[in-house]
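Below is one structure; the comments refer to it alone.
Numbering (UniProt numbering), first residue to last: 1 to 627.
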């Protein structure tokens, strides 16, 4: 009842009070609006007053600048910048500092201008101008170039920046570019170009017509026609130009990847006095090669390199055609062919290299040894006629890569008194199959037999016989699982040998031992050999494990070493650090060293040592590193 009585009065009061309440709120909102308008007016007036003050300071500063009162101008600009810094004010103050020759301060303001607005060209222009006065034109050019990247490509500022950049570039450039071939004497220019390879000379001939004309008119630059490793097949027309340019001075040619090999070879040997000829990737050669060589009477060096093979009949014919002048001969025999020797007397032949290849799936008929499943020996006897037909031979290389178990013949080279370098890769299991001349200086012997040859120096009766090599300076031996102690039989001369030996054997400079069985005691003994006292290069790739202990021996025994090869050993970073105690060490080869970390390799390189380090097996988890 009370609410029923009160409700009409409440409604009456609300009807009377609501207009008054709305009026009060409206009055309050109006007052706030007036206050906001008043405060905005005050702020605008204050800002306007501050802008007028700053503009006044800027005008005063510029006025003082025009009168030459730069210090007073700086004061005005300082006050203006303190109120509100801008690019124009910073540039104006930098200009005053520049007039007072305070270039560091001017450069500082220019940098501030760039930092505050990097798309405005003003700061870049001022900084470049100051740097030019500081004689740092190259830095100024970099500032201009950086500004051209940042400033928008529109407006007068960008054009001005590009203009000063171009002017400074022209100023820093040489006065006039001069073609050296037009200034240098012809003889001096040819001498300089002579240091370039043939491919490089052909490449630079494309620089200009003048360069092309000079190179193509200089016969001395065409003495060696080197077409090895071309990017594409060489046209016959190019070889024709080379022949016409050389004018009988073309004496050496390396041919590979020719469009018409037979035509080019015949033309070269007919028109040029070729003395050195190398053939690569020309396939199996036969009578065509012999007919071409008949046209030349000057061949001194003939190398049938990779990708070029001949048969034994072609080999004999080639030797016969070139016998009177040939000094160096190198060839690869066709698959499963045998080298039975040289049957034409070559008085001048000093270097001979023969490589034999074979196919495991092919068995060649002949009088093969009972355990030689693929091919027989070198005609039964190993090169029995070398002394008779090559009396002046100084270097002999025979690489037998045929898949056979072993050879039973004896290679007797004792009659080759002038032989100094011998490189053999043969399936020989006993040292008794080798009769070596006493004047050998460089010996490399690799036994290609897969099975162990621990008794390499013992015959069937158990007799041991070493080699008498008193003049030996370089030795490389790879005999699977041979005891390293037996290396002494290469070094210790046989006192009963009837040779003209010097009073003291020579000192070795290079020793490389591969696939040998190594024990610490035997290693110490062999490294203590008196002929190894002045060793310069040492390599050890054993078939048995070797750790960091060998590095102590190497460092102590060979203080003059400059090259060490310990590939395949178990050395670690500790061993590398021990090796670097030798101040003469320059080259280190540590391929396939599974316990060696890359940090040790990097440390060695930082100390000036050239390190070859790569892992060929993925099982070790090593990272392949090439240099």
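Cβ atoms here follow ideal geometry from the backbone N, Cα and C, with glycine treated the same way.
Residue i burial status per 10 Å Cβ neighbour count (16 or more: buried)
{"i": "residue 300", "result": "buried"}
{"i": "residue 222", "result": "buried"}
{"i": "residue 599", "result": "exposed"}
{"i": "residue 169", "result": "exposed"}
{"i": "residue 43", "result": "Legend: pLDDT at residue 43 = 46, less than 50; position of this residue unreliable, value from coordinates given subsequently. Exposed, because fewer than 16 other Cβ atoms sit within 10 Å of the Cβ of residue 43."}
{"i": "residue 153", "result": "exposed"}
{"i": "residue 609", "result": "buried"}
{"i": "residue 607", "result": "exposed"}
{"i": "residue 109", "result": "buried"}
{"i": "residue 616", "result": "exposed"}
{"i": "residue 542", "result": "buried"}
{"i": "residue 207", "result": "exposed"}
{"i": "residue 461", "result": "exposed"}
{"i": "residue 447", "result": "buried"}
C-beta atoms of residue i and residue j nearer than 8 Å
{"i": "residue 568", "j": "residue 592", "result": "yes"}
{"i": "residue 524", "j": "residue 544", "result": "no"}
{"i": "residue 143", "j": "residue 128", "result": "yes"}
{"i": "residue 411", "j": "residue 393", "result": "no"}
{"i": "residue 198", "j": "residue 161", "result": "no"}
{"i": "residue 407", "j": "residue 437", "result": "no"}
{"i": "residue 123", "j": "residue 164", "result": "no"}
{"i": "residue 426", "j": "residue 396", "result": "no"}
{"i": "residue 181", "j": "residue 189", "result": "yes"}
{"i": "residue 272", "j": "residue 304", "result": "no"}
{"i": "residue 269", "j": "residue 255", "result": "no"}
{"i": "residue 527", "j": "residue 509", "result": "no"}
{"i": "residue 400", "j": "residue 443", "result": "no"}
{"i": "residue 296", "j": "residue 281", "result": "no"}
{"i": "residue 228", "j": "residue 216", "result": "no"}
{"i": "residue 354", "j": "residue 310", "result": "no"}
{"i": "residue 201", "j": "residue 193", "result": "yes"}
{"i": "residue 121", "j": "residue 82", "result": "no"}
Closer than 8 Å to chain D by CB, residue i
{"i": "residue 344", "result": "In summary, chain D is missing from the structure at hand, where a single protein chain is found."}
Option nearest residue i by Cα separation, candidates the options
{"i": "residue 578", "options": "601, 571 and 551", "result": "551"}
{"i": "residue 431", "options": "448, 341, 413 and 455", "result": "455"}
{"i": "residue 423", "options": "603, 461, 101 and 440", "result": "440"}
{"i": "residue 540", "options": "548, 514 and 520", "result": "514"}
{"i": "residue 322", "options": "340, 330 and 298", "result": "298"}
{"i": "residue 450", "options": "464, 482, 444 and 538", "result": "482"}
{"i": "residue 533", "options": "516, 548, 555 and 542", "result": "555"}
{"i": "residue 98", "options": "133, 81, 516 and 614", "result": "133"}
{"i": "residue 317", "options": "294, 334, 305 and 330", "result": "294"}
{"i": "residue 145", "options": "125, 135 and 210", "result": "125"}
{"i": "residue 478", "options": "527, 304, 276 and 512", "result": "512"}
{"i": "residue 231", "options": "62, 203 and 537", "result": "203"}
{"i": "residue 195", "options": "178, 476, 211 and 220", "result": "220"}
{"i": "residue 564", "options": "488, 570 and 589", "result": "589"}
{"i": "residue 70", "options": "257, 95, 81 and 54", "result": "95"}
{"i": "residue 130", "options": "156, 102, 118 and 121", "result": "102"}
{"i": "residue 116", "options": "91, 251, 104 and 287", "result": "91"}
Beta-bridge pairing of residue i - partner residues as DSSP gives them
{"i": "residue 86", "result": "Answer is none; residue 86 lacks a bridge partner."}
{"i": "residue 285", "result": "310"}
{"i": "residue 354", "result": "331 and 398"}
{"i": "residue 303", "result": "278 and 330"}
{"i": "residue 447", "result": "426"}
{"i": "residue 252", "result": "224 and 276"}
{"i": "residue 167", "result": "BP columns for residue 167 are empty, so no partner."}
{"i": "residue 483", "result": "517"}
Distance cut-off 7 Å: residue i Cβ against heavy atoms of the ligand GTP
{"i": "residue 282", "result": "Inclusion of the ligand GTP in the displayed structure is not the case, the ligand content being empty and no account of it being possible."}
First and last residue of the uninterrupted alpha helix (DSSP H) at residue i
{"i": "residue 268", "result": "261–271"}
{"i": "residue 213", "result": "209–216"}
{"i": "residue 578", "result": "573–579"}
{"i": "residue 224", "result": "No alpha helix (DSSP H) contains residue 224, which is instead part of the beta strand (DSSP E) from 224–226."}
{"i": "residue 600", "result": "598–606"}
{"i": "residue 389", "result": "386–389"}
{"i": "residue 129", "result": "121–133"}
{"i": "residue 106", "result": "103–116"}
{"i": "residue 557", "result": "549–557"}
{"i": "residue 198", "result": "198–204"}
Beta strand (DSSP E) segment containing residue i, residue limits
{"i": "residue 563", "result": "563–565"}
{"i": "residue 420", "result": "Unbroken run through residue 420: none, as it is neither H nor E."}
{"i": "residue 612", "result": "610–612"}
{"i": "residue 512", "result": "510–514"}
{"i": "residue 538", "result": "537–541"}
{"i": "residue 475", "result": "474–478"}
{"i": "residue 585", "result": "Neither: residue 585 is in no beta strand (DSSP E) and is coded neither H nor E."}
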